[in-house]
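J.: For reference, the structure I am asking about is given below.
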């Protein structure tokens, strides 16, 4: 079984660098997918209140026969619950759904700067409460831009442990990653293969051919060597297994540069821009 590297966060906790994402996995499939992922060897599961499958994630962990402490679980605050008391209730609901008295990492899912009078700092202050009482072992953010992070720094004493952002070869998001590196905030990459768009790119397929790996394995390895946390999503056991088998080869400097050179800037985004995204379910 592959050994997944662990990254030490700025609060001293450690996080497995490769995880399993459950975005868009239907609740009736999620428990089985999580169990399969854990049987393959994953020990990091990334969910969110908005995904609607937290309960099934907890069930999948139990079905795999693992102790709660053996699995790193992340969840995220729903966009509709940024007000402090709403955030407290939503967090309680997350713990209840998971049937756990803590989460390893809890994130503000989106900054929503055009909503709630632009106040995500008071929301962050509530997450600091969860960290103080131990119900969130670590806290962080998702989709925060440098200006949003500066605003958090001015209004709180806690630096986010992670910032989960869109990152892939077509959108390398270097400005946000650089901010994270400067402030000891680990970058987590969502949409790591650009929803599959990069897998047919000639630069990627050429490297895959030369290394004897799949295009997805090559791109995931690129993320790993850049130092980011990554959590591919699949419900196909064979693909889940392939995504896990990325620690028995390395990309050389030319390969890394070729993949990074595919960056298209803003045109490469597959998801919404955090400066304008305002969806509240």
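Residue numbers (my numbering): 10 to 290. Built from N, CA and C at the ideal position, the CB exists for glycine as well.
Suppose only complete runs of 4+ residues qualify. What are the alpha helix (DSSP H) ranges in the segment 106-159, listed by chain order?
T.: 130-141
J.: Could you spell out where the alpha helix (DSSP H) holding residue 171 opens and where it closes?
T.: Segment 171-175 is the beta strand (DSSP E) holding residue 171; no alpha helix (DSSP H) there.
J.: Does the count of Cβ pairs from the segment 209-224 and the segment 233-247 closer than 8 Å reach three?
T.: no
J.: Could you have a look at residue 93 and say whether DSSP puts it in helix, strand or coil?
T.: Helix, per DSSP.
J.: Per DSSP, which residues does residue 17 bridge with? Please list them.
T.: 23
J.: Taking 8 Å as the cut-off, decide whether the C-beta atoms of residue 111 and residue 143 are in contact.
T.: yes
J.: Kindly give me the distance between the Cβ atoms of residue 114 and residue 83, rounded to whole angstroms, as I take these residues to be in contact under 8 Å.
T.: 4 Å
J.: For residue 84, which residues does DSSP report across the bridge?
T.: 115
J.: Would you grab the beta carbon distance between residue 93 and residue 130 for me? Rounded to a whole angstrom, and I think it's under 8 Å.
T.: At roughly 11 Å, the Cβ-Cβ gap does not stay under 8 Å, so residue 93 and residue 130 are not in contact.
J.: Does the segment 151-164 touch the segment 246-259, meaning 3 or more C-beta pairs lie closer than 8 Å?
T.: Here the segment 246-259 makes no contact with the segment 151-164; the two share fewer than three CB pairs at distances below 8 Å.
J.: So, under 8 Å CB-CB, residue 293 and residue 27 are touching, yes? Tell me the CB distance rounded to an integer number of Å.
T.: Within the shown structure, residues of the chain are numbered from 10 to 290, placing residue 293 beyond reach of any answer.
J.: Take residue 89 and list the residues in its own chain whose beta-carbon comes closer than 7 Å to its own, dropping the five residues that flank it on each side.
T.: Scanning its chain for C-beta atoms nearer than 7 Å, with the 5 sequence neighbours on each side dropped, one finds around residue 89 the residues 289 and 290, in chain order.
J.: What's the C-alpha gap between residue 132 and residue 263?
T.: Rounded to whole angstroms, residue 132 to residue 263 spans 43 Å at the Cα level.
J.: Is the CB-CB distance between residue 166 and residue 117 below 8 Å?
T.: no
J.: Measuring alpha carbon to alpha carbon, tell me which of 233, 156, 209 and 193 ends up nearest residue 271.
T.: Nearest of 233, 156, 209 and 193 to residue 271, Cα basis: 209.
J.: Does DSSP classify residue 256 as helix, strand or coil?
T.: DSSP places residue 256 in coil when its eight states are reduced to three.
J.: Does the separation of the CB atoms of residue 32 and residue 242 fall below 8 Å?
T.: yes
J.: In the DSSP assignment, find the unbroken beta strand (DSSP E) run with residue 55 in it and report its ends.
T.: 53-55
J.: Would a check of beta-carbon distances place residue 231 closer than 8 Å to chain D?
T.: Protein chains in the displayed structure number just one, and chain D is not present.
J.: Can you list, in chain order, the residues of its chain with a C-beta nearer than 7 Å to that of residue 63? Leave out the 5 residues immediately preceding and following it.
T.: If we look at residue 63 and ignore the five residues flanking it on each side, its Cβ neighbours are 56, 84, 103, 106 and 107.
J.: Check whether the Cβ atoms of residue 47 and residue 170 sit closer than 8 Å, and answer yes or no.
T.: no
J.: Which one or two residues does DSSP pair with residue 181 in a beta bridge?
T.: In the DSSP output, where bridge partners are listed per residue, residue 181 has none listed.
J.: Which residue from 91, 190, 97 and 141 puts its Cα closest to that of residue 121?
T.: 91
J.: Judging by CA-CA distance, which residue of 13, 245 and 36 is the nearest neighbour of residue 25?
T.: Minimum Cα distance to residue 25 is reached at 13.
J.: For residue 273, is the classification buried or exposed, using 16 other Cβ atoms within 10 angstroms of its Cβ as the cut-off for buried?
T.: exposed
J.: So the candidates are 249, 193 and 177; which of them puts its Cα closest to the Cα of residue 21?
T.: 193
J.: Could you tell me which residues DSSP puts in a beta bridge with residue 29?
T.: 54
J.: Please name the residue or residues paired with residue 197 in a DSSP beta bridge.
T.: 173 and 238
J.: Quick one, are the C-beta atoms of residue 42 and residue 49 less than 8 Å apart?
T.: Between residue 42 and residue 49, the CB-CB gap reaches or exceeds 8 Å.
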